[in-house]
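When we follow UniProt numbering, the leftmost residue of the sequence shown carries the number 1, and every step to the right adds one.
Have a look at the structure below, then the notes.
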Amino acid sequence: MKNGHSSLGEIPGVLWTPGSVSGPVPLILVGHPGGLPTMRPRLAGRARHYAAQYGFAAATIELPGSGDRPRSAEAEAARANLRRAMAAGEPVGEIVNALVLPLVDASVPEWQATLDALLALPEIDGPVGFGGGLIALGIRLAVVEPRISAAVFFAGTFVPDALVDQARQVTIPLQVLLQWDDEGNDRQSALDLFDVFGSRRRPCTSTSADTPAPRGSRWTTGPGSSPGT
């Protein structure tokens, strides 16, 4: 597998491509929670899986306000308020809106510009998938970016109400991964969000192999090493 740093203006990123291919390959946009220098080893592992198992290229970019990118005073204040509210057991809805919505609004155009640049490369072709990272970002991308034809979402991160409503417009094939026994995840909110998606093909997989899946044909259980993790 070949890999190298790339950038779009001031946005750091990484592109991984299969080592030996005879023509253009499909692309996975690899999401993450922010902090590309720290996340890179794990993301590289996912990219190796995509390259070895499927012959796909993979790419990622840094989120606004993360890693080496300039910080936002408003976002830092919202994060502090979120930590305080969670520790006190207080409602967090308005704080989540203040933190996540601006991040999604800023991130989506950057991912779209990155996709423009990647699809202009001779070694990259469609189809395009999106996997991992902030589920709120994945929802918005799946709604507004027609070049993304399938997605894997990691349930558990905060989703503003406005993006829960947008999830009804997500109709591409999905797989939703939920770490069933993670106390840091609001399991019920994740299940409620899953039921909102408009996709007809949308299995939801528990990544705890020791926990039985809930009743219902949409659910499966699987190991934490499920593709896309």
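Glycine residues also receive a C-beta, built at the ideal position from the N, C-alpha and C atoms.
Computed from a predicted structure; not experimentally measured.
Between the C-alpha atoms of residue i and residue j, what's the straight-line distance to the nearest angstrom?
| i | j | result |
| --- | --- | --- |
| P12 | P37 | 10 angstroms |
| A162 | P146 | 20 angstroms |
| E67 | T171 | According to the sequence as given, residue 67 is Gly; it is not Glu. About 32 angstroms. |
| T17 | R79 | 35 angstroms |
| P70 | L121 | 28 angstroms |
| V21 | Y54 | 11 angstroms |
| Q169 | R200 | 11 angstroms |
| L115 | R140 | 15 angstroms |
Compare the C-alpha of residue i against each of the options and name the closest.
| i | options | result |
| --- | --- | --- |
| P91 | F158, G9 and D165 | F158 |
| A190 | H32, R42 and V176 | V176 |
| G138 | H32, G9, A85 and V14 | H32 |
| G156 | R140, L141, D105 and D186 | D186 |
| G19 | D105, G45, A52 and S199 | A52 |
| A142 | F197, N97, Q188 and A98 | F197 |
| P64 | L115, G34 and V152 | G34 |
| R83 | V96, F154 and L15 | V96 |
Would you give the residue range spanned by the alpha helix (DSSP H) that residue i belongs to?
| i | result |
| --- | --- |
| D165 | D161 to A167 |
| T114 | G93 to L119 |
| A150 | Here A150 belongs to no alpha helix (DSSP H); instead the beta strand (DSSP E) covers I148 to F154. |
Suppose the cutoff is 6 angstroms on Cβ atoms and the five residues either side in sequence are ignored; what does the same chain contact list for residue i look like?
| i | result |
| --- | --- |
| I28 | Y50, F56, A58, G129 and G131 |
| A150 | G129, I172 and P173 |
Along the beta strand (DSSP E) that carries residue i, what are the first and last residues, could you check?
| i | result |
| --- | --- |
| V14 | I11 to T17 |
Which residues in the same chain as residue i place their Cβ atom closer than 7 angstroms to its Cβ, once the five residues preceding and following it in sequence are excluded?
| i | result |
| --- | --- |
| I124 | P24, V25, L27, A57 and L118 |
Leaving out the 5 sequence neighbours to the left and right, which residues in its chain are closer than 8 angstroms to residue i when beta-carbon positions are compared?
| i | result |
| --- | --- |
| R215 | Residue placement at R215 cannot be trusted, given a pLDDT of 38 that sits under 50; the coordinates are not used to answer. |
| V100 | L134, A136, F158, V159, P160 and L163 |
| E10 | R69 |
Below 8 angstroms on the Cβ atoms is my contact criterion, and I expect residue i with residue j to pass it. Report the Cβ-Cβ distance as a whole number of Å.
| i | j | result |
| --- | --- | --- |
| A75 | L103 | 7 angstroms |
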